[in-house]
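Residue numbers (the UniProt record's numbering): 1 to 153.
By construction, the Cβ of each residue, glycine as well, lies at the ideal position given by its N, Cα and C atoms.
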Amino acid sequence: MPKDNNYLYKDLFSYKGLKKPDVIQKLVRALALQLGSEVSYNELSNLLGIDKETVENYICLLEKCFVVFRLDSFSRNLRNEIKKGKKIYFYDNGIRNAVISNFAPLELRTDAGALEFKWNAKAKSKQLKVFMESYLNSVYEIITPENFWSFVR
């Protein structure tokens, strides 16, 4: 994304604790290129030449500015789920596409699956959160294709 087109970075650069605006641009690009993959803060810190804590702080800042959101990795084994990293998605795929300069039609994209998963995951997490906040003492079960028939019976 050209530096003169800084709509995305306007709020970020006004943040008082931001000391390296060029690094945050590289971080946003790195996150855009690994959509749908687990994110390693150690790998990002090595790539960007900054410490792991700064990477985490910058990602938190990107979340506060509604550029990205984090999802925990899913595993049927809770121990593995704790060990696994988070996946980071962009709220707006258009911004993500601008960052990596990829506006190809969906049929020609190599990241189409990750883009579709992001949309579904975001929609589902909002619905569940609203339900849980509305019915605090309720018992619920998420129905998936795997457990559908046991639920119906």
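Backbone secondary structure at residue i - three-state DSSP
i	result
Tyr7	coil
Phe148	helix
Ile50	coil
Leu71	strand
Tyr58	helix
Residue j beta carbon less than 9 Å from that of residue i
i	j	result
Ile59	Tyr41	yes
Lys86	Leu62	no
Leu48	Lys64	no
Phe90	Val55	no
residue 171	Ala30	Any answer about residue 171 is impossible in this case: the structure gives the chain only from 1 up to 153.
Leu88	Leu35	Looking at the sequence shown, residue 88 is not Leu but Ile. Yes.
Ser73	Glu38	yes
Val28	Val99	yes
Closest by C-alpha distance to residue i, when choosing among the options
i	options	result
Ile95	Glu146, Ala32, Asn46, Val39	Ala32
Lys20	Val39, Trp149, Tyr7, Ile50	Ile50
Lys10	Leu136, Asn93, Asn147, Phe66	Phe66
Leu12	Lys52, Asn57, Asn97, Glu53	Asn57
Opening and closing residue of the beta strand (DSSP E) in which residue i lies
i	result
Lys20	Run containing Lys20: none; DSSP gives neither H nor E here.
Tyr15	Counting along the chain, Tyr15 falls outside any beta strand (DSSP E), and DSSP gives it neither H nor E.
Phe90	86-90
Residue range of the alpha helix (DSSP H) that includes residue i
i	result
Val139	No alpha helix (DSSP H) holds Val139; DSSP gives it neither H nor E.
Asn93	93-100
9 Å Cβ cutoff, residue i in contact with chain B
i	result
Trp149	Although the question refers to chain B, the structure presented lacks it and comprises just one protein chain.
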